[in-house]
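Trainee: Got a structure here, written out as structure tokens. Questions coming.
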Amino acid sequence: MSSIIRNALALSAVIAVAAAQAPKTDAPCADVVIVMARGNNAPYQDWRTFPFVDATCGKLRAEGKTCDFIEVVFETMMNGDFCTQIATGVRNGQAEITAFNKKCPCSHIILNGFSQGAWIAGDILAGPGGCSQITTGLDNTSAPGNAIAAALLWGDVMHVANQPYNVLDGADLQKDGRSADSLARLNRYSSVLRSYCAKGDPICTRGDDVSKHLNYFELYTDDASTWAVGKIHDAAPLCAAPAPTPSASSPVVAQSVASANATAPSSLNSFSNPLSTPTTLGTPSVTAKSGPPDHP
Numbered sequence: 037m038s039s040i041i042r043n044a045l046a047l048s049a050v051i052a053v054a055a056a057q058a059p060k061t062d063a064p065c066a067d068v069v070i071v072m073a074r075g076n077n078a079p080y081q082d083w084r085t086f087p088f089v090d091a092t093c094g095k096l097r098a099e100g101k102t103c104d105f106i107e108v109v110f111e112t113m114m115n116g117d118f119c120t121q122i123a124t125g126v127r128n129g130q131a132e133i134t135a136f137n138k139k140c141p142c143s144h145i146i147l148n149g150f151s152q153g154a155w156i157a158g159d160i161l162a163g164p165g166g167c168s169q170i171t172t173g174l175d176n177t178s179a180p181g182n183a184i185a186a187a188l189l190w191g192d193v194m195h196v197a198n199q200p201y202n203v204l205d206g207a208d209l210q211k212d213g214r215s216a217d218s219l220a221r222l223n224r225y226s227s228v229l230r231s232y233c234a235k236g237d238p239i240c241t242r243g244d245d246v247s248k249h250l251n252y253f254e255l256y257t258d259d260a261s262t263w264a265v266g267k268i269h270d271a272a273p274l275c276a277a278p279a280p281t282p283s284a285s286s287p288v289v290a291q292s293v294a295s296a297n298a299t300a301p302s303s304l305n306s307f308s309n310p311l312s313t314p315t316t317l318g319t320p321s322v323t324a325k326s327g328p329p330d331h332p
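Residue numbers (our numbering): 37 to 332.
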């Protein structure tokens with residue numbers, strides 16, 4: 037990796053003024069869980085990217101949905117082996133998503149990555165974009181890939197120009213890009229993908245304005261969270277709604293009662309038996325749930 041890219045990534049680091057937090061690698065089952073991949077040299081739950089979690093979960097909770105987050109575990113040391121860091125993040129991210137989906141198969145997932153984390157998020161979906169890894173990405177047609185309702189890449193090192201999911205004025209620019217095979221795999225997710233790249237960003241384009249790389253979340257968090265919530269609205273339920281329990285006024289129950297009366301011995305009918313009295317059944321009233329059951 038060139039020293040120019042490494043130095044630019046270093047400028048996205050957050051200066052630690054408090055003790056670093058441990059990564060949050062699991063969450064209780066919720067309607068939506070956001071998987072976060074942070075930028076180079078940033079702490080977990082960093083102040084730069086987590087406004088997206090707050091905004092997105094806030095909008096979902098306002099609709100009565102539950103929302104939580106987990107974080108992809110990987111080293112972000114500036115002087116470390118960059119490809120090793122990427123490979124570790126991809127491997128851990130895929131494992132965390134797979135484990136969470138196995139535990140909570142009805143939960144939808146939003147994948148979000150910034151800078152180095154955007155490279156990792158893209159590789160989680162598509163396989164290697166610039167480093168050699170033994171993965172072809174998550175299959176979007178089966179679990180856990182089909183649980184990903186939205187994916188967002190911000191200032192992605194592997195940004196590819198002129199893709200339908202690119203936004204901002206760097207949409208037609210790129211710096212490194214992906215191989216054709218990796219891009220084809222990434223594009224399996226094109227309908228749920230958004231890539232933010234500003235002209236002048238030295239990471240996703242050949243720009244020289246570092247501020248363009250650092251201010252995405254200050255400028256576009258509200259837009260991105262609204263888009264992500266919209267994708268949750270569009271996503272098909274991952275679990276079928278539970279079958280309603282027949283009520284006393286259900287036609288099935290009525291038929292059972294009628295059959296019991298018809299077959300009861302005549303000696304029983306000589307007693308004052310509620311089953312021997314004609315009963316008027318009301319109109320069936322069953323309310324079916326429109327989505328997957330809530331999780332604890």
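Backbone N, C-alpha and C fix where the C-beta goes; we use that ideal spot for every residue, glycine too.
Because the structure is a prediction, the values reported are computed rather than measured.
#1: Between L222 and A162, what straight-line distance do the alpha-carbon atoms span, to the nearest angstrom?
#2: Following the continuous beta strand (DSSP E) through G149, name the residue where it begins and the one where it ends.
#3: According to DSSP, which residues form a beta bridge with D244?
#4: Tell me the DSSP secondary structure of D270 in three-state form.
#5: Suppose you measure from the CA of G116 to the CA of C275; what does that come to, to the nearest Å?
#6: Which same chain residues end up closer than 6 Å to E254 when comparing Cβ atoms and leaving out the 5 residues on each side of it in sequence?
#7: Tell me whether the beta-carbon of S231 lies closer than 8 Å to the beta-carbon of V265.
#8: For M72, which beta-bridge partners are listed by DSSP?
#9: Is I160 near A185, with beta carbons less than 8 Å apart?
#10: For the stretch 187 to 201 and the stretch 148 to 158, state whether three or more C-beta atom pairs, one from each stretch, are separated by less than 8 Å.
#11: E111 to H144, Cα distance in whole Å?
#12: Which residue spans inside the stretch 202 to 247 form an unbroken beta strand (DSSP E) run of at least 3?
#13: Nearest-angstrom Cα distance between S308 and A277?
#14: Going by other Cβ atoms of all chains shown within 10 Å of its Cβ, with 16 needed for buried, is M99 buried or exposed?
#15: Just to confirm the assignment, what range does the beta strand (DSSP E) spanning L189 have?
#16: With D67 and T120 assumed to form a contact (beta carbons below 8 Å), what rounded beta-carbon distance in angstroms separates them?
#17: What first and last residue would you give for the alpha helix (DSSP H) that runs through L174?
#18: Considering only C-alpha positions, which residue in the set V108, R84, T92 and D104 is nearest to A58?
#19: From P87, V89 and P164, pick the residue whose C-alpha is nearest to that of G125; which is it?
#20: For T112, name the three-state secondary structure that DSSP assigns.
#21: Of the choices E132, Q81 and S168, whose alpha-carbon is the least far from that of F118?
#22: Measuring CA to CA, which of S215, S247, V193 and G149 is closest to L229?
#23: Decide if A298 is buried, meaning its Cβ has at least 16 other Cβ atoms within 10 Å, or exposed.
#24: In whole angstroms, what is the alpha-carbon distance linking C65 and R242?
#25: Among residues of its own chain, excluding the 5 on either side of N198, which ones have a beta-carbon nearer than 8 Å to its beta-carbon?
Mentor: Looking at the coordinates:
#1: 4 Å
#2: H144 to F150
#3: Its beta-bridge partners do not exist; DSSP assigns none.
#4: helix
#5: 42 Å
#6: none
#7: no
#8: E107 and N148
#9: no
#10: yes
#11: 27 Å
#12: 229 to 232
#13: At S308, the pLDDT of 37 sits below 50, so the modelled position is not reliable; the number obtained from the coordinates is stated separately. So the alpha carbons of these two residues sit roughly 42 Å apart.
#14: Residue identity differs from the one stated: residue 99 is Glu in this sequence, not Met. The residue is exposed, with fewer than 16 neighbouring Cβ atoms inside 10 Å.
#15: I184 to W190
#16: The pair is not a contact, with the Cβ atoms about 35 Å apart (cut-off 8 Å).
#17: L174 -> no alpha helix (DSSP H), and no H or E assigned at all.
#18: V108
#19: P164
#20: coil
#21: S168
#22: G149
#23: In this predicted model, A298 has a pLDDT of only 44, less than 50, meaning its place in the structure is not dependable; the value taken from the coordinates is given anyway. Answer is exposed; the Cβ neighbour count stays below 16.
#24: 41 Å
#25: A207 and D208
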